[in-house]
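Position 92 (the sequence shown) corresponds to 164 in the working numbering; numbering is contiguous. Note sheet for the following structure.
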Amino acid sequence: MTDETQDSPDSAAPAVAAGGAGAAGASGAARAAVAGRFRGLLDDLDRTSGTAVADAAALILDAVAAGGLVYAAGAGHSLAMVCETFYRAGGLACVRPVWEPEILPLNGATASTAAERRPGSGRAVVERVKPGPQDVVVVFSTSGRNPYPVEIAQECMERGVPVVAVTSMPASASATARSSTRLADHATVVLDTCVPPGDVVYPPESPHTAAVSTVLGAYTWALLLAELDEQAGARGVDLPRWVSANVPGGDEANRRNFTRYGGRIPEL
73 MTDETQDSPD
83 SAAPAVAAGG
93 AGAAGASGAA
103 RAAVAGRFRG
113 LLDDLDRTSG
123 TAVADAAALI
133 LDAVAAGGLV
143 YAAGAGHSLA
153 MVCETFYRAG
163 GLACVRPVWE
173 PEILPLNGAT
183 ASTAAERRPG
193 SGRAVVERVK
203 PGPQDVVVVF
213 STSGRNPYPV
223 EIAQECMERG
233 VPVVAVTSMP
243 ASASATARSS
253 TRLADHATVV
263 LDTCVPPGDV
273 VYPPESPHTA
283 AVSTVLGAYT
293 WALLLAELDE
303 QAGARGVDLP
313 RWVSANVPGG
323 DEANRRNFTR
333 YGGRIPEL
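Okay, here's the thing in structure tokens:
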């Protein structure tokens with residue numbers, strides 16, 4: 073578990089633009105445009121989230137207090153968010169990642185896209201991990217329109233398992249419909265990340281680069297963890313958390329989590 077990178081000896085040296093002052097000016101304009109768009113979307117998320125973050129945190133807290141697990145699922149680049157929830161410094165130790173090798177782009181990009189669109193794959197993975205009513209399932213999918221994430225949420229709801237959908241309602245509204253329903257249609261709580269259709273935000277007049285979904289998804293998850301911490305303190309629930317392995321005592325602190333959850337979370 074890592075949460076930092078090692079700087080090189082030269083890392084503090086200022087970067088030199090190859091194109092001179094003109095190129096530096098263009099770069100500054102691009103940076104300002106991207107930064108402004110990202111910050112604006114973060115503000116949109118804060119403004120529109122309402123009670124959803126608190127409601128999602130309450131579901132997770134109920135699961136933790138009952139001795140359940142938090143199952144985190146996603147496909148394609150949404151697997152970055154599954155990684156964000158699992159074995160992460162400051163994160164919950166009771167998270168089990170839900171994934172299959174075929175939906176990971178690193179195992180084959182086009183194959184992972186095909187797998188995410190194949191009907192039946194989502195239901196099959198739920199049958200394999202078998203979450204129960206004492207658990208909660210968090211499903212990440214920006215578009216929320218492919219069969220894999222939709223089926224996971226649908227199957228879990230049918231089994232009486234609460235579902236938190238982390239998705240973008242604007243992106244979902246305009247995405248190609250590869251499932252008759254959307255992820256948001258099968259959720260106890262929906263967290264809208266406000267990712268724009270197509271994900272990209274630059275250049276402003278005709279976006280074709282600078283994807284924002286990972287930043288907004290990670291921010292949403294961080295908000296949820298902070299809210300969870302507040303609610304747990306109010307209810308007197310001790311949350312099982314990971315400590316960075318790169319600080320003194322980290323390995324010793326984490327050993328208790330391995331002992332507690334190692335038998336229930338095979339990925340540990």
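Every residue, glycine too, gets a C-beta built ideally from N, C-alpha and C.
Shortest alpha-carbon distance to residue i belongs to which of the options?
i	options	result
residue 250	260, 261, 227 and 222	222
residue 309	188, 125 and 164	164
residue 140	185, 234 and 122	234
residue 127	321, 302, 224 and 187	302
residue 338	258, 133 and 158	158
residue 194	271, 206, 239 and 174	174
residue 55	122, 111 and 109	Because the chain in this structure spans residues 73 to 340, residue 55 falls outside the shown range and cannot be described.
residue 209	286, 146, 318 and 108	146
residue 269	315, 191, 188 and 213	213
residue 187	125, 133 and 219	219
residue 143	168, 99 and 185	168
residue 189	199, 224, 202 and 305	224
residue 246	229, 237, 236 and 266	266
residue 200	226, 216 and 172	172
residue 333	322, 312, 285 and 284	312
residue 231	257, 238, 256 and 198	198
residue 240	116, 176, 227 and 131	116
For residue i, count the other beta carbons within 10 Å of its own beta carbon; 16 or more makes it buried, fewer makes it exposed. Which is it?
i	result
residue 129	buried
residue 280	exposed
residue 35	No statement about residue 35 is possible, as the shown extent of the chain runs from 73 to 340 and does not include it.
residue 135	buried
residue 330	exposed
residue 336	exposed
residue 205	exposed
residue 289	buried
residue 120	exposed
residue 244	buried
residue 138	exposed
residue 118	exposed
residue 254	buried
residue 109	buried
In three-state terms, what does DSSP make of residue i?
i	result
residue 222	helix
residue 289	helix
residue 143	strand
residue 282	strand
residue 340	coil
residue 120	helix
residue 263	strand
residue 164	strand
residue 159	coil
residue 313	strand
residue 331	helix
residue 319	coil
residue 78	For residue 78, the pLDDT reaches just 40, beneath the cut-off of 50, and the residue's location in the model is therefore unreliable, although a value from the coordinates is still provided. Coil.
Using a Cβ cut-off of 7 angstroms (strictly closer), state whether residue i contacts chain B.
i	result
residue 313	In the displayed structure, chain B is absent; only one protein chain is listed.
Would you say residue i touches the ligand FAD, meaning its beta carbon is less than 6 angstroms from a heavy atom?
i	result
residue 300	By its list of ligands, the structure shown contains no ligand whatsoever, and the ligand FAD lies outside what it can speak to.
Count the C-beta pairs between the region 262-278 and the region 171-189 that are closer than 8 angstroms, then say yes if the count reaches three, no if not. no
**Message:** Quick test of the definition: if touching needs 3 or more C-beta pairs under 8 angstroms, does the region 155-162 touch the region 283-296?
**Reply:** yes
Please give the ranges of any alpha helix (DSSP H) in the region 168-195, keeping only runs that are unbroken, at least 4 residues long and fully inside the region. 181-189
Contact the region 320-327 vs the region 142-157: 3+ CB pairs below 8 angstroms:
no
Just to confirm the assignment: which complete beta strand (DSSP E) runs, minimum length 3, are found wholly within the region 234-262?
235-239
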